Amino acid sequence: MSQDHEHGLPPKSSVSRWFLTTNHKDIGVLYLITALFFLVFGGVLALLFRLELISSGADLLGSMGYNQAVSTHGLLMVFWFISPFAFGFANYVVPLQIGADDLAFPRLNALSYWLYLFSGILMGVSFFQGTTFAGGWTMYAPLNTPAYIPGEGLGATSVVLALIMFTAAVTLGSVNFLTTMYRMRAEGLRMRDIPIFSLSINLTVWMMLFAFAALLAALMILASDHILGTTYFQYSIDGTTMATDADNPGASLLWAHLFWFFGHPEVYIVFFPALGVMAECFQTFTGRRLVGRKWFIISMVLVALQSFVVWMHHMFLTGINLPIKTIFMATTIGISLPFDLMVFSLIYTMAKGRVRFTTPFLFSLGALILFIIGGITGVFLGAIVLDYQFRGTYWVVAHFHYVMVAGATALFGGLYYWYPKITGKMYNETLGKIQFGVYFLGFNLLYFPMFIAWETPRRVFVYPDGLQIWHTMATVGGFILGASFLLMFYNLFVSLWRGEDVGPNPWEYATSAEWAVSSPPPLENFPGVPSYGTGKLEFLDEETVAERTESMPGAAAHGHAATDGGTVTDGGAVTARAATTATTMESTHEVSGEEHASHASFWPFLVSLGGFIAFLGLSGVRTGSVFYLTMAAVGGVATFGSLVGMTREPFHAPEMAIAERWPFERVEKMKLGMWTFLASDIVLFGAFIGSYAFVRVAYGWTAWHHDLIPAEHVTMPGLINTYLLLTSSFLVVLAMVAAERESKRGTVAALAGTFALGVGFLINKGLEWQHLFHISTETFPNGWNLSTNIASSTFYLTTGLHGAHVTIGLIICAYMTVRAWNGAYQGDDRAIEYFGLYWHFVDIVWLFLFPLFYIL
Amino acid sequence: MDWKGYTVIYVVLFVFATAQAVVEFAGLVDSAYWAAFALIMVLSVVKAVGVAAYYQHLRWEPRAVTYLVLGGTVAALALTGAAAYSIL
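Sequences listed follow chains A and B, in order.
Using the working numbering, read the first sequence as starting at 953 and increasing by one per residue.
Using the working numbering, read the second sequence as starting at 1236 and increasing by one per residue.
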């Protein structure tokens, strides 16, 4: 295909295409391949420690080698394999299923991918920094802090930073998917009617948006403990023994709360896409619509909500009180109920349809069986008294893998299911079925013996002699499971050349929109604008779209009512057509081919590369090494420069001319993207403030101020900064007013004033910090710095995070001031409004930090 | 909203911020800590709602945007509240 036909993208045979592409299908393929690489990476580590466990003791890898292999295996599989693998499909399939031509923010999508890749590379590099992280994938405190990590612990710091990078990728992805799914659905496609896989992804990204923000907070705090010397998660060392630090009695529990607030939704974040694949495959290969589809969807929504109120069942063995344990036992048992409904729905779909035992179906059915076993064995762990016995044993390991790898099993089914769509070729069905047989045998031989050998302590390489036979069986199972992937890779690789060509739909009963276009689909996905306005999928031609958009000028601005359950603004009923909104003529030009969407940008790759170098440098700055300091500086400059380049690059990603947008009809995509990001940021700051509240409650709320904070820490600097930020917020809205009135002078003055006040805020903060760093009193003879006590750590880090937000805002503000000086924004205040949303949010956060850290 | 409306909001926010500091300067934090705590936090919530409603224009956006913001807020409060309660 020529370069022109690909809208500036080189052909797929060119290596440069894969560095430049922002197209969702290309990014999807990149995710799939990269995730499979990390599957092999994590799988080889698993085989190594399974070999170690053939006999009790660490005689193959050594104790640290074993701990590193186990920890890294868990981290790689949970973070770098399963979810990204699912999001390979999500990237490829969701826009096709909902009738969009791409994701809402294509460059952000590419940035998500590259951040993901480089975070994985940083994870790999950590092995070469002495040792990598070895404290288990849950990274419990205080074993996750430098004081308790053997050697320099630089590899462990890299792992923490890699996870931060990964989490940034996830957050960008969540914002992107949510904006896409609420702004770019085909006309007439109500939320409740989108294909079940896309619906599962929608709920997954909702959970990701909030859960990963809590993880990001935990990781940023941990990184600060590693790099800056704060003391959130550390106990003091009393001589050679570990002693609970009277300053910070909540250290260990704080990590557990933050981690599991993320960690339990993460189970469903991993499993929901798999559930979506299973539902798609069950429908397609039974020729039957999902039985009880509405209840299936309601159950998924319930689980998504409940997933945030079960996290403490992972903490039954800690010192949390019995009433809260009881509440969380009830919520945990409760979350199994919607899952029961979903399982029965799948079983009845199978019973009522005529099953075609293709490879994707076999994997989906296998996943269902494995998940039922995993689910039932998990209920045991939800009961407090049983958990006391099972916690920290191989029962947990077996249950966990029956759930998580059941999800992966369904995703492998998804790989076979969509392989013809992605490649245009059919895989070898016989070999696929053989692979399933070998996979299923290996899986159960690997994990089922762990239930029998449950008394083996988790993450420990020593176990009672009587359990050796079960461990040997598990190791043999592990190698059989591993071998099954060789069959899969061979099958899929060879089929790229030898497979039969397939048309748009190789499956008889597949009905979702991705099967209505060629395999693989063209760059723009559809031959026209997709619409379900008549009740079935059709593609509107250029003339129809032009007529429709011209006949509804300003429709987006005026907004329309909801079609799927929402109320209407004028009190009347509305049809799907009436709810459809038209945007600007810009979109019409896109449809008519006068102005094409952009698909190529090198900046996402460069930003991520810069971030990788910066984070690698940060991992070692505490050593004072010139190498690491240089890397941090160079990487920081490269990241900043690349971001500026990305901002200045002309990149056209128009909104769809006609689309279904409930419930965000009047919220254009940039604004919705900003709000979605801010919702995540609320959880990030909420987790920081929550951490402060938690450690303060643990210490003693009222004693905290008297014992840990110097008298020199007074209210006035905080009050002055409150005035500065409030005034700057006021100036931002005045800038909007001036832009609306097309007053260039007013716009520039207001933005410049905002910038000046923000700088004043930072200067005031800097002066205050300098003063506190250098006080010398009887209680604090060496100043009050980040490491002095837990109160100083929370103060500097939380207000520091806020200061970082101010700094980012100031960079944007400076850029906008220059643009306003050159005449931008006059008559169109939207860009100022979007910046204002961020700036006012920073202001709101300060409205809580001021009383909490300066008055109370 | 025109500039006059924004100005009124600004003045209210300014006064409320000052009131929070006055609570401390008046010694209420030392003499009646939890009453002062409640008063100061309520003032912060009112200020935050004011900024969100008028400066961020949530009042005029579809309710779904407010629910989006509330979703994040509830998640953060659930984490903070339940975690703190677990060690009481």
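C-beta atoms are modelled at their ideal positions from N, C-alpha and C, and glycine is treated no differently.
Values in this document were obtained by computation on a predicted structure and should not be read as measured data.
Check your understanding: With burial defined as no fewer than 16 other Cβ atoms inside 10 Å of the residue's Cβ, what is the status of Leu1703 (chain A): buried or exposed?
Key -> buried
Point to revise | Beta carbon proximity, Ser1279 (chain B) to chain A, threshold 9 Å | key: yes
Check your understanding: Hey, quick one: how far does the alpha helix (DSSP H) through Pro962 (chain A) stretch, first residue to last?
Key -> Counting along the chain, Pro962 (chain A) falls outside any alpha helix (DSSP H), and DSSP gives it neither H nor E.
Check your understanding: So what does DSSP say about Ile1610 (chain A), is it helix, strand or coil?
Key -> strand
Review point. What does DSSP give as the partner residues of Glu1139 (chain A) in its beta bridges?
Key: Residue pairing of Glu1139 (chain A) in beta bridges, as defined by DSSP: A:Ser1483.
Point to revise | For Thr1183 (chain A) and Ser1695 (chain A), believed in contact at Cβ under 8 Å, the rounded distance | key: For Ser1695 (chain A) against Thr1183 (chain A), the beta-carbon gap comes to about 51 Å, at or over 8 Å, which does not count as contact.
Check your understanding: Are the stretch 1264-1274 of chain A and the stretch 1164-1179 of chain A in contact at 8 Å, needing three or more beta carbon pairs?
Key -> no
Practice item. Step through the CB atoms of chain B and report whether any lies within less than 9 Å of the CB of Asp1199 (chain A). Key: no
Review point. Taking the C-alpha atoms as reference points, what is the distance between Asn1396 (chain A) and Thr1329 (chain A)?
Key: 14 Å
Check your understanding: Is any beta-carbon of chain A found at less than 9 Å from that of Arg1298 (chain B)?
Key -> yes
Practice item. Assuming Gly1327 (chain A) and Phe1352 (chain A) form a contact by the criterion Cβ under 8 Å, report the distance between their Cβ atoms to the nearest whole angstrom. Key: That belief does not hold up - the Cβ atoms of Gly1327 (chain A) and Phe1352 (chain A) are roughly 12 Å apart, past 8 Å.
Practice item. State the DSSP-derived secondary structure class of Glu1490 (chain A), mapped to helix, strand or coil. Key: strand
Practice item. Give the DSSP-derived three-state secondary structure of Ser1539 (chain A) in the structure shown. Key: Confidence at Ser1539 (chain A) is low in this model, with a pLDDT of 43, below 50, so the placement of that residue should be treated as unreliable; the coordinate-derived value is given next. Helix.
Check your understanding: When the distance is taken between beta carbons, is Gly1572 (chain A) closer than 9 Å to Gln1081 (chain A)?
Key -> yes
Check your understanding: To the nearest angstrom, how far is it from the Cα of Lys1623 (chain A) to the Cα of Ala1645 (chain A)?
Key -> 32 Å
**Study point:** Ser1110 (chain A) beta carbon less than 9 Å from that of Leu1074 (chain A)
**Key:** yes
Check your understanding: When we look at the beta-carbon of Val1700 (chain A) and count the other beta-carbons within 10 Å, is it buried (16 or more) or exposed?
Key -> buried
Exercise for review: Could you tell me whether any Cβ in chain A is nearer than 9 Å to the Cβ of Gly1306 (chain B)?
Suggested key: Between Gly1306 (chain B) and chain A, the shortest Cβ-Cβ separation is below 9 Å.
Exercise for review: Check the Cβ-Cβ distances between Asp978 (chain A) and every residue of chain B, and say whether any is below 9 Å.
Suggested key: no
Point to revise | Within chain B, partners of Gly1788 (chain A) - CB distance below 8 Å | key: Result: Tyr1290, Gln1291.
Check your understanding: Can you give the Cα-Cα distance for Trp1467 (chain A) and Ala1226 (chain A), rounded to whole angstroms?
Key -> Taking the Cα positions, Trp1467 (chain A) is about 19 Å away from Ala1226 (chain A).
Practice item. In angstroms with no decimal places, state the Cα-to-Cα distance between Ala1283 (chain B) and Trp1798 (chain A). Key: For Ala1283 (chain B) and Trp1798 (chain A), the distance between alpha carbons rounds to 9 Å.
Practice item. Starting from Lys1304 (chain A), trace the alpha helix (DSSP H) both ways and give me its first and last residue. Key: 1274-1304
**Study point:** Spatially closest choice to Met1133 (chain A) from A:Phe1431, A:Thr1582, A:Trp1406, A:Met1608, by CA coordinates
**Key:** A:Met1608
Check your understanding: Which residue's Cα is closest to the Cα of Asp1417 (chain A): A:Phe1747, A:His959, A:Gly1009, A:Ile985?
Key -> A:Gly1009
Check your understanding: What does DSSP give as the partner residues of Pro1409 (chain A) in its beta bridges?
Key -> A:Thr1345
Practice item. Consult DSSP for Asp1781 (chain A) and reduce its assignment to one of helix, strand or coil. Key: Of the three classes helix, strand and coil, the one that applies to Asp1781 (chain A) here is coil, per DSSP.
Exercise for review: Using a Cβ-Cβ cut-off of less than 8 Å, list which residues of the stretch 1606-1619 of chain A approach chain B; keep chain order.
Suggested key: Those would be Pro1615, Phe1616, Glu1617, Arg1618, Val1619, in chain order.
Exercise for review: Indicate whether at least one CB of chain A lies closer than 9 Å to the CB of Ser1321 (chain B).
Suggested key: yes
Point to revise | Asn1457 (chain A) versus Ile1221 (chain A): straight-line alpha-carbon distance, rounded | key: Cα-Cα distance, rounded: 29 Å.
Review point. Just the Cα atoms here: how many angstroms apart are Ser1544 (chain A) and Val1481 (chain A)?
Key: With a pLDDT of 42 at Ser1544 (chain A), under the threshold of 50, the predicted position of this residue should be treated as unreliable, though the coordinate-derived value follows. Their Cα atoms are separated by approximately 10 Å.
Review point. In chain B, what lies closer than 7 Å to Ser1681 (chain A) by C-beta?
Key: Val1286, Tyr1290
Check your understanding: What are the boundary residues of the alpha helix (DSSP H) that includes Gln1049 (chain A)?
Key -> 1035-1050
Point to revise | C-beta atoms of Met1136 (chain A) and Pro1217 (chain A) nearer than 9 Å | key: 9 Å or more divides the Cβ of Met1136 (chain A) from the Cβ of Pro1217 (chain A).
Practice item. Kindly identify the DSSP beta-bridge partner or partners of Ile973 (chain A). Key: First, the amino acid is wrong: residue 973 (chain A) is Thr here, not Ile. The partner list for Thr973 (chain A) (beta bridge, DSSP) reads A:Ala1552.
Point to revise | Closest by C-alpha distance to Leu1305 (chain B), when choosing among A:Ile1634, A:Leu1749, A:Leu1363, A:Thr1496 | key: A:Ile1634
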